[in-house]
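K.L.:
Protein sequence lines, in the order shown, are assigned to chains A and B. Residue 8 is where the first sequence starts when you use the numbering used here, and the numbers rise one by one after that. Residue 8 is where the second sequence starts when you use the numbering used here, and the numbers rise one by one after that. By construction, the Cβ of each residue, glycine as well, lies at the ideal position given by its N, Cα and C atoms. Sharing a structure below in structure tokens format, with a few things to ask.
2 protein chains.
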Amino acid sequence: MIEDKNQQRTSLSQLGEFGLIDHLTQNFKIVQPSTLKGIGDDAAVLDFKDKKVVVSTDLLIEGVHFDLAYMPLKHLGYKAVVVNLSDICAMNAKPTQITVSVAVSNRFPLEALEELFEGITLAADGFKVDVIGGDTTSSQKGLIISITAIGEADADEIVYRDGAGDTDLLVVTGDVGSAYMGLKVLEREKQVFMVNPNSQPDLDLYAYLVERQLKPEARTDVRTLFHALELKPTSMIDISDGLSSEIIHLCKSSKVGCNLYEDKLPIDPQLINVCEEFNIDSTTVAINGGEDYELLFTIKMTDFDKIKANPHFTIIGHMTQESEGIHLITRANTKIELRARGWDALQEE
Amino acid sequence: MIEDKNQQRTSLSQLGEFGLIDHLTQNFKIVQPSTLKGIGDDAAVLDFKDKKVVVSTDLLIEGVHFDLAYMPLKHLGYKAVVVNLSDICAMNAKPTQITVSVAVSNRFPLEALEELFEGITLAADGFKVDVIGGDTTSSQKGLIISITAIGEADADEIVYRDGAGDTDLLVVTGDVGSAYMGLKVLEREKQVFMVNPNSQPDLDLYAYLVERQLKPEARTDVRTLFHALELKPTSMIDISDGLSSEIIHLCKSSKVGCNLYEDKLPIDPQLINVCEEFNIDSTTVAINGGEDYELLFTIKMTDFDKIKANPHFTIIGHMTQESEGIHLITRANTKIELRARGWDALQEE
């Protein structure tokens, strides 16, 4: 869509590197009290006072992590920020700042970069994080986005992956699998479009799934919920690679086992319908599909009352002794070893 | 050189994404007291107590910022770290942590990535910074490195670009222009090699220049020097794009003018010899050549005694009122307006 000949195209070289950075970063506002100096010097300057600082980073590559054929640039900018903020949320910290580096080949006009930065700005504004630095340069091929997210938390708030006890309950926020099926729907529409470029996709039936893929949200609200419930998870991770993969990470870090119950998995009704249409097992999608950016955490059994009947949380299993292994308990009550089959970025080209 | 058929080649897909990250990050040690948790969770956790935090980020792209034909991977890893630490030094802060993200196409075997990480580890160890996070993924083309550097400083130590007064002295560390001529020498050798692959380059005459290009150092020592001299610059920037470009940045941020004196430029004798051989004006190289990673700063005139005769520092000019403009005063005592002609990353492909 960025090849549309009717739209305005301004060559990036017309602006030059510094002109481009000035142009793209002019809309960023500083709202966090911890940001003393944002963009405009050799480095940003931050002041966290007595808070601990949490840092995470991600690299997104066109053709590997996203396909511009069905990912509009504005959504991509938004999602790139969300993916990183989600890691900060997974530490039970509050995201406060990000740096954004972008490399593009010259097939991208200025207007395309503006769309990307519109999405970045929307996410930064929405989640109240300051864009405090970055780098804009040319690439040999495609679009590359690198984001580092910074957050703050009190020392006793921070939740690691390795604190799960062997009798803890396993809990997930929101629902799982929808983002993956959203991608499958978009991939199918791309195939249809390649055969018949005049076809107009009707995505109404898939609206929720597509939105989960194109516009995921970082669960910055969960930290606030925990505060209100006076609840601190014993371990936590975000779901980027898929539920099974993340459960295995938690178990290995915490040296515990786990029983995950198929009948407890929070699956959206739309996902069930579309899985039938695609003839795919919805449990497989819920367990292995990634990019949900929900939070997976464990709590002490004694905290059960704090979360029961809370619509944000679903108890999907419980931890066990390490020697018992990591299993899915099916609806038919059979026990299957859980394996990570999530997305792996380093398959042979 | 990474295409040498005799060496061991392990395909990246044999390890998988998590195996690769574990393998590459196993040598990183934590030495900074501010690092509470490094690699291994959703995010790193840092504690800067009452210090301010300084953050900078850079993206390096093969074919744009480096050429693997003459940049060995180990040197590239080292330089990628140095480039980022230099930005922290330019704030008069102490570098403490970095995150390192790398994307590679599958033409790179594991051994190539190991070489790259050897250079990264060497720099991290040498400059005592902790590698606290990162991302390793595949690229569609070439090698991409994204580094975020973090540093700490007391509030009253931090030096910005905008503090230069109109009677301040302009000072530079080390010498300028050598890294650029080192690149020219390497580019010439690449041409020779392409014509005759059996030719062996004799780089003895160019050793210093080539080292400045392939193994620049971050001036982490300058902060210590300032402490010992009880000196605080009024403004500071590091020289990545070229002296003229950085002087203009300082002047514009500080709203002052500048007179730069040609006869004061610190130029290494080897640079002068090689400029004659290449028939290039050494002043042009000293002013416009980038990648020196030296520090450019201004001090109050009253601090002159603190730095005079110090071999680390050269006074190369003085600031003026903004209305007087930014000029080079030549040996012949003519006044030429200084323009930024440094490297620009966004030229038309």
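Looking at B/Leu345 and the ligand GTP, is the gap between the Cβ and the nearest heavy atom below 7 Å?
P.N.:
The ligand GTP is not part of this structure, which contains no ligands at all.
K.L.:
Between A/Gly184 and A/Leu278, which are expected to be in contact by the criterion C-beta below 8 Å, what is the C-beta distance as a whole number of angstroms?
P.N.:
Yes, A/Gly184 and A/Leu278 are in contact; Cβ-Cβ is about 5 Å, under 8 Å.
K.L.:
At what residue ranges does the segment 108-156 of chain A contain a whole run of the beta strand (DSSP E), taking only runs of 3 or more?
P.N.:
List check, beta strand (DSSP E) in window: 137-145.
K.L.:
Please tell me whether B/Thr227 has its Cβ less than 8 Å away from any Cβ of chain A.
P.N.:
False, the Cβ-Cβ gap to chain A never drops below 8 Å.
K.L.:
Excluding five sequence neighbours on each side, which residues of the same chain lie with their C-beta closer than 7 Å to the C-beta of A/Gln354?
P.N.:
Caution applies to A/Gln354, whose pLDDT of 35 falls short of 50 and renders its modelled position unreliable; the value that the coordinates give is listed next. Same-chain partners within the cutoff: there are none.
K.L.:
Kindly indicate the opening and closing residues of the beta strand (DSSP E) around B/Ile306.
P.N.:
Taken as a continuous stretch (DSSP letters only), the beta strand (DSSP E) holding B/Ile306 covers Leu302 to Ile306.
K.L.:
Can you pull the chain A residues whose beta carbon is under 9 Å from the beta carbon of B/Ala419, in chain order?
P.N.:
No statement about residue 419 of chain B is possible, as the shown extent of chain B runs from 8 to 356 and does not include it.
K.L.:
DSSP beta-bridge partners for A/Pro102?
P.N.:
Paired residues: A/Gly158.
K.L.:
Could you have a look at B/Glu224 and say whether DSSP puts it in helix, strand or coil?
P.N.:
B/Glu224 falls in the coil class under three-state DSSP.
K.L.:
So, is B/Pro102 buried or exposed, given that buried needs 16 or more other C-beta atoms within 10 angstroms?
P.N.:
It is buried - the Cβ of B/Pro102 has at least 16 other Cβ atoms within 10 Å.
K.L.:
Cβ closer than 8 Å: which chain A residues qualify as neighbours of B/Ala51?
P.N.:
Those within 8 Å of B/Ala51 in chain A are Val61, Val62 and Ser63.
K.L.:
For A/Ser18, is the classification buried or exposed, using 16 other Cβ atoms within 10 angstroms of its Cβ as the cut-off for buried?
P.N.:
It counts as exposed.
K.L.:
Between the Cα of B/Leu80 and those of B/Asp57, B/Gly149 and B/Ile333, spot the shortest distance and give me the residue it belongs to.
P.N.:
Measuring from the Cα of B/Leu80, the nearest candidate turns out to be B/Gly149.
K.L.:
Let me check one thing: in DSSP terms, what residues is A/Val202 bridge-paired to?
P.N.:
Answer is none; A/Val202 lacks a bridge partner.
K.L.:
On the DSSP bridge list, what partners appear for A/Asp211?
P.N.:
DSSP lists no partner for A/Asp211.
K.L.:
For B/Ala119 and A/Thr321, I'd like the C-alpha separation in whole angstroms.
P.N.:
Roughly 45 Å separates the two Cα atoms.
K.L.:
Please specify which runs of the beta strand (DSSP E), each continuous and at least 3 residues long, are wholly inside the segment 269-316 of chain B, giving them in chain order.
P.N.:
You should have 302-306.
K.L.:
If you measure from the beta carbon of A/Met326 to each beta carbon in chain B, is any gap under 8 Å?
P.N.:
No, A/Met326 lies away from the interface with chain B (no Cβ there is under 8 Å from its Cβ).
K.L.:
Would you mind sorting B/Glu356 into buried or exposed? The rule is 16 or more other CB atoms within 10 Å of its CB.
P.N.:
With a pLDDT of 28 at B/Glu356, under the threshold of 50, the modelled position of this residue cannot be trusted, and the question is left open.
K.L.:
Just the Cα atoms here: how many angstroms apart are A/Ile165 and B/Gly181?
P.N.:
Each residue's Cα considered, the two are about 44 Å apart.
K.L.:
So does the segment 78-93 of chain B actually touch the segment 218-229 of chain B, counting three or more Cβ pairs closer than 8 Å?
P.N.:
Cβ pair count under 8 Å is three or more, so yes.
K.L.:
Buried or exposed for B/Ala50, going by 16 or more other Cβ atoms inside 10 Å?
P.N.:
Label assigned to B/Ala50: buried.
K.L.:
Mind checking which residues open and close the beta strand (DSSP E) that includes A/Ser41?
P.N.:
Run containing A/Ser41: none; DSSP gives neither H nor E here.
K.L.:
If I follow the unbroken beta strand (DSSP E) through B/Ser18, where does it start and stop?
P.N.:
That residue, B/Ser18, is in no beta strand (DSSP E); it is neither H nor E in DSSP.
K.L.:
Decide if A/Phe311 is buried, meaning its Cβ has at least 16 other Cβ atoms within 10 Å, or exposed.
P.N.:
When all chains shown are included, A/Phe311 counts as exposed.
K.L.:
Say whether chain B places a C-beta atom closer than 8 Å to the C-beta of A/Ile306.
P.N.:
So, not an interface residue.
K.L.:
Does the segment 280-300 of chain B come into contact with the segment 199-210 of chain B, if we say contact requires no fewer than three beta-carbon pairs (one atom in each stretch) closer than 8 Å?
P.N.:
No, the segment 280-300 of chain B is not in contact with the segment 199-210 of chain B.
K.L.:
Since B/Asp245 and B/Ser93 should fall inside the 8 Å C-beta cutoff, what is the C-beta to C-beta distance between them, to a whole number of angstroms?
P.N.:
About 4 Å; that satisfies the 8 Å criterion.
K.L.:
Looking at the unbroken beta strand (DSSP E) that takes in B/Glu344, where does it start and where does it end?
P.N.:
Lys342 to Glu344 is the span of the beta strand (DSSP E), which, as asked, contains B/Glu344.
K.L.:
Taking the Cβ atom as the reference point for each residue, do A/Asp142 and A/Ser261 lie within a distance shorter than 8 Å?
P.N.:
Going by C-beta atoms, A/Asp142 is not nearer than 8 Å to A/Ser261.
K.L.:
If you check the beta carbons only, do B/Cys265 and B/Met188 fall under 8 Å apart?
P.N.:
Cβ atoms of B/Cys265 and B/Met188: not closer than 8 Å.
K.L.:
Output needed for B/Gly297: all residues of its chain with C-beta closer than 8 Å, excluding positions within five of it in sequence on either side, in chain order.
P.N.:
So the list reads Ala186, Tyr187, Ile246, Ser247, Asp248, Gly249, Ser252, Gly349 and Trp350, once near-sequence residues are dropped.
K.L.:
Give me the DSSP bridge partner(s) of A/Ala51.
P.N.:
Beta-bridge pairing links A/Ala51 to B/Val62.
K.L.:
Could you pull the start and end residues of the beta strand (DSSP E) that A/His362 belongs to?
P.N.:
What the structure shows of chain A is the stretch from 8 to 356, and residue 362 of chain A is not part of that stretch, so it cannot be assessed.
K.L.:
Would A/Gly126 and A/Tyr85 qualify as a contact pair, given that the criterion is a beta-carbon distance under 8 Å?
P.N.:
Yes, the Cβ-Cβ distance between A/Gly126 and A/Tyr85 is below 8 Å.
K.L.:
For B/Gly45, decide whether its Cβ has a neighbour in chain A, counting only Cβ atoms nearer than 8 Å.
P.N.:
So, not an interface residue.
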